[in-house]
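The structure appears right after this line, and notes come after that.
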Amino acid sequence: MSKIIICGGRKLDGEVNVQGSKNAVLPILAATILNEEECVVHNCPDLADTRSGFEIIRQLGGKVSFCDHTAVIKTENMKRHEISGELMCSMRSSVLFLGPIISRCGQAVISYPGGCAIGLRPIDLHLKAFKELGVKIEEVGGYIYCKADRIRPATVNLLFPSVGATENIMLLATVSRGETMIVNAAREPEIVDLQNFLNRMGAKISGAGTEIIRIIGVEKLKKVEYNIISDRIFATTCACAAACCGGDVVLRNMEPEHIRLIISMLKDSGCKVVSGENHVRIQNSERLLGLGKIMTSPYPGFPTDAQALFMSALATADGTTVFVENIFESRYKHVAELIKMGADIIVDGRLAAVTGCNYIQGAKICAGDLRGGAALVIAGLSAIGDTEITGIEHIDRGYERIENVFSALGASIKRK
Ligand code: UD1
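If you want the numbering used here, it's the position in the sequence shown, counting the first as 1, plus 1.
Have a look at this one:
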């Protein structure tokens, strides 16, 4: 099993190209199977999850080639409508293929999806919406059997603005007859990217980025070439590392607007942050300041995916920060590992109180989930001494060789 070894305490200096967005590429890969014509997708991050998406398309009978962050996908011969249990378990986003498979084949069979163990993560909102759109669903022996001769357009009111459910409904309704509306839709930038991709193929969708999305069904989609947006959580990871290690880091090829709140919080914690049209520069030479209270919430609020990243950065801040995790019920796996490094953190249910200490020390620690794992890398970079991180397969699900990103900024970090 590989490990990441870090000798911490160095300042970070230099430029980083922000990778394509993991959370945008996965629904877009699912969307390609709605289209019988060729789809060319640029700026795909080369991640374990992206490759799982390719495998699902291949298993369904499609063809995928992938080179230099560009995927060429052809599904004209797609015949199968089942995804194996193994691929379903490889990532949570496998569930996003459900809507497109039903749309394309009139039926689908999947098991429950896997992904990071950060809470119960049910898919009841997806299934309830699908039923409202005329899909017949039976759950037998851990498998979900779906059938729909025709999608019945409707207005779907989501009880919670679930990112995955919003995307799945958009995907199911794109090729249909009539108008479907999603009320209380998620507003994440990745939803807007999915809308842009679908519309580029000829779909008629509007409202993404607001809480009401309108999908006017079309009959057929056309050939497309598309560029995935940059990864705002990757950018946040680099920004948090620069903030707590100190230094001067420029994040290139990104959309500053997507991390507007993160930028203002980094400023509140004492960093100098300047953003341009598609770059952000973070400079810091002082100890960070605690941020009082941070509550995770749907976009445009503070992202749950950034909670662990900020916790590592603020573990050595001057003052206390209380985190309130409102999205996932067990997303504090990284805390036990940060405590091993000397961090002062108390968890009570969905609350975590972090009292900044003067320094944290390197330790042998284990990543238990994707963003928690990236948070441990940030902690290792800012700690005194050596840190050894196992469980890095979780980190590889969302970051392209994270050790290369930080060694290019002057950190002592390698994979062994
Ligand atoms: C997506 C992101 C993930 C991010 C999350 C919240 C991708 C690939 N992943 O995950 O990185 O952390 O949004 O911003 O885009 N829920 C239900 N029933 C459902 C669906 C969701 O109860 O049918 C609950 C979940 O358990 C969770 C909350 O709603 O507590 C948010 O989930 P959701 O917004 O659906 O997140 P994902 O799409 O899984």
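By construction, the Cβ of each residue, glycine as well, lies at the ideal position given by its N, Cα and C atoms.
Note that the structure is predicted; figures quoted are calculated from it, not measured.
_Contact check, P162 vs A186, beta carbons under 8 Å_ = In this structure, the beta-carbon distance from P162 to A186 falls below 8 Å.
_Exposed unless 16 or more other CB atoms sit within 10 angstroms - verdict on P123_ = Answer is exposed; the Cβ neighbour count stays below 16.
*Return the residue from the list H259, K294, G271, N285 that minimises the CA-CA distance to E278.*
Minimum Cα distance to E278 is reached at H259.
_Does the structure place the region 364-380 close enough to the region 336-354 that three or more beta carbon pairs sit under 8 Å?_
Touching, yes, given that three or more Cβ pairs across the two stretches are closer than 8 Å.
*Run of the beta strand (DSSP E) containing N285, from where it starts to where it stops*: For N285, the enclosing beta strand (DSSP E) starts and ends at 280-285.
*How many angstroms separate the CA atom of N44 from the CA atom of G203?*
Each residue's CA atom was taken as its position, placing N44 and G203 some 21 Å apart.
*Going along the chain, which residues of its own chain have a beta-carbon closer than 6 Å to the beta-carbon of K137, five neighbours each way excluded?*
Excluding residues up to 5 positions away in sequence, K148 lie with their Cβ nearer than 6 Å to the Cβ of K137 in the same chain.
*asked:* For a minimum of 3 consecutive residues, which ranges assigned as the beta strand (DSSP E) are wholly contained in the region 318-406?
replied: Segments of the beta strand (DSSP E) lying fully in the region 318-406: 321-325, 345-349, 352-356, 365-367, 387-391.
_If I measure Cβ to Cβ from D387 and keep anything under 8 Å in the same chain, skipping five residues before and after, which residues do I get?_
Counting only Cβ-Cβ distances below 8 Å, and skipping sequence neighbours, we find I6, I7, C8, G9, G363.
*Does the ligand HEM have even one heavy atom less than 7 Å from the beta-carbon of A187?*
Among the ligands in the structure shown, the ligand HEM does not appear; only the ligand UD1 can be found there.
*Could you say if the region 245-252 and the region 277-295 meet the contact criterion of at least three C-beta pairs nearer than 8 Å?*
With the cut-off at 8 Å, the region 245-252 and the region 277-295 touch.
*Nearest residue (CA-CA) to I379, options L310, T321, V336*: Comparing Cα positions, the closest option is L310.
*Cβ distance (whole Å) where S231 is taken to contact M266 below 8 Å*: Actually they are not in contact, since the Cβ atoms of S231 and M266 sit about 19 Å apart, beyond 8 Å.
*Return the bridge partner residues of C1 from the DSSP annotation.*
Lying outside 2 to 417, the shown extent of the chain, residue 1 is not represented and no answer is given.
*To the nearest angstrom, how far is it from the Cα of G373 to the Cα of G320?*
Using only the alpha carbons, I get a separation of about 22 Å.
*asked:* If I follow the unbroken alpha helix (DSSP H) through S265, where does it start and stop?
replied: Looking at the DSSP string, the run of the alpha helix (DSSP H) that includes S265 is 261-269.
_When A236, G271, V251, A242 are compared against R474, the one with the closest alpha-carbon_ = Nothing in the structure corresponds to residue 474, since the chain is present only between 2 and 417.
*Can the beta-carbon of L173 be found less than 8 Å from the beta-carbon of G100?*
By the CB criterion at 8 Å, L173 and G100 fall inside the cutoff.
_Complete alpha helix (DSSP H) runs within the region 60-105 (minimum length 4 residues, chain order)_ = DSSP runs (the alpha helix (DSSP H)) wholly in the region 60-105: 86-91.
*Taking M171 as part of the alpha helix (DSSP H), name the residues at either end of that continuous run.*
M171 -> alpha helix (DSSP H) spans 164-174.
*Apart from the five residues on each side of it in sequence, which residues of its chain come closer than 8 Å, Cβ to Cβ, to Q97?*
The sequence shown places Leu at residue 97, rather than the Gln named in the question. If you ignore the 5 residues before and after L97, its C-beta comes within less than 8 Å of the C-beta of L27, P28, A31, G165, E168, N169, L172, all in its own chain and listed in chain order.
*Buried or exposed: which applies to T322, given that a residue is buried once 16 or more other Cβ atoms fall within 10 Å of its Cβ?*
T322 sits buried, since 16 or more C-beta atoms from the chains shown fall within 10 Å of its C-beta.
*Given a cut-off of 8 Å, decide if A242 and L371 are closer than it, judged by their beta-carbon atoms.*
No, Cβ-Cβ distance for L371 and A242 is not below 8 Å.
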